[in-house]
Amino acid sequence: MAANLSPVASPALDAERVRRDFPILDTVVNGHPLVYLDSAASAQRPRAVLRAVEEYETHSHANVHRGVHALSQAATAAYEGARERVRRFINARSTREIIFVRGTTEGINLVAQAWARPRLRPGDEILISTLEHHANIVPWQLVCEQTGCTLKVAPINARGELELEEFLELLGPRTRLVGMAHVSNALGTVLPVRRIIEAAHGVGALVLIDGAQAVPHSIVDVRALGADFYVFSGHKLYGPTG
24 MAANLSPVAS PALDAERVRR DFPILDTVVN GHPLVYLDSA ASAQRPRAVL
74 RAVEEYETHS HANVHRGVHA LSQAATAAYE GARERVRRFI NARSTREIIF
124 VRGTTEGINL VAQAWARPRL RPGDEILIST LEHHANIVPW QLVCEQTGCT
174 LKVAPINARG ELELEEFLEL LGPRTRLVGM AHVSNALGTV LPVRRIIEAA
224 HGVGALVLID GAQAVPHSIV DVRALGADFY VFSGHKLYGP TG
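In the working numbering, the protein residues as written are 24 to 265.
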């Protein structure tokens, strides 16, 4: 697997201490303490997140950017403060680059319908890989139906790794967008996204990276990567849904 992520160093894991930080793990299932192994789909919430949500709902709930009263101002400050924290977390240049969505699926669909659909024409091409989550497949299939453009799929090898040379061969002057996972949700394969982005930009294509499985586990620097769109979900990062 290509190394495109910066590993996060950590001390020896105290599993019991971690479990105590997640109240849901006190749940008993079939007579046994809950062991949750589906964080790739949606992570559970630690106490700090549960407290923050309760604090907001109890003391700060109001419309954001819709009022001058104290609660609305507090909610707006918290909302925009979160945007700045996300900017720092992924090293984006500006908060203007941070767009809140309900999840990765909605983010990809927004790019597909708001950017790709109005611009692509018959003969244009979108390139993805066979490693993609269906959320990074179906939106492009729909765009192709709507615009007459062509969807191309780069293959993987027996080890579940992208066939980079075949991917490069599929890139061409009609490639308008490349949509790739940073880390496969099914196999955990780390794709060589910097090489992918450089190659795509070399033929004038834009790049969308599905970072849903990368951001929770490693340091992601979107400026260093250079992707045009980088999409991920807060609920896989121990945050609330939506």
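Think of the CB as a built atom: it goes at the ideal place given N, C-alpha and C, for glycine as much as any other residue.
Asked: Three-state class that DSSP yields for Asp19 in the structure shown; Found: The displayed coordinates of the chain run from 24 to 265. Any statement about residue 19 would go beyond what the structure contains.
Asked: Thr118 and Glu129 closer than 7 Å at C-beta; Found: no
Asked: Inter-residue spacing [alpha-carbon to alpha-carbon] between Leu210 and Pro239; Found: 16 Å
Asked: Per-residue burial, Thr153 [other beta carbons within 10 Å of its own, 16 or more giving buried]; Found: exposed
Asked: Beta-ladder partner(s) of Val323, from DSSP; Found: The structure shown has nothing for residue 323, since the chain only spans 24 to 265.
Asked: 6 Å CB neighbourhood of Leu229 in its chain, flanking five on each side removed; Found: Leu200, Asp251
Asked: Integer-rounded CB distance, given that Ile47 should sit under 8 Å from Leu57; Found: 7 Å
Asked: Ile242 versus Leu231 - alpha carbon distance; Found: 18 Å
Asked: Which residues DSSP lists as bridging Phe190, in chain order; Found: BP columns for Phe190 are empty, so no partner.
Asked: Proximity to Gly262 [Cα-Cα], best of Pro34, Phe123, Asn86, His82; Found: Phe123
Asked: Meets three-Cβ-pair contact criterion under 8 Å: the stretch 142-150 and the stretch 166-181; Found: yes
Asked: Rounded separation between Glu188 and Val109 - CA only; Found: 34 Å
Asked: Cβ-based neighbour list, Thr99, same chain, cut-off 6 Å, excluding 5 preceding and 5 following; Found: Val87, His88
Asked: With 16 other Cβ atoms within 10 Å as the buried cut-off, status of Asn53; Found: exposed
Asked: Own chain partners of Ile151 with C-beta closer than 8 Å, once the 5 adjacent residues on each side are dropped; Found: Asn159, Ile160, Trp163, Leu174, Lys175, Val176, Ala177, Val201, Gly202, Met203
Asked: Secondary structure of Ser95, DSSP reduced to three states; Found: helix
Asked: Nonlocal neighbours in the same chain, by C-beta distance under 7 Å from Gly126, ignoring five residues either side; Found: Ser256, His258
Asked: Ala253: first and last residue of the uninterrupted beta strand (DSSP E) it sits in; Found: Looking at the sequence shown, residue 253 is not Ala but Tyr. Unbroken beta strand (DSSP E) run through Tyr253: 252-254.
Asked: C-alpha gap between Gln236 and Leu260, whole angstroms; Found: 9 Å
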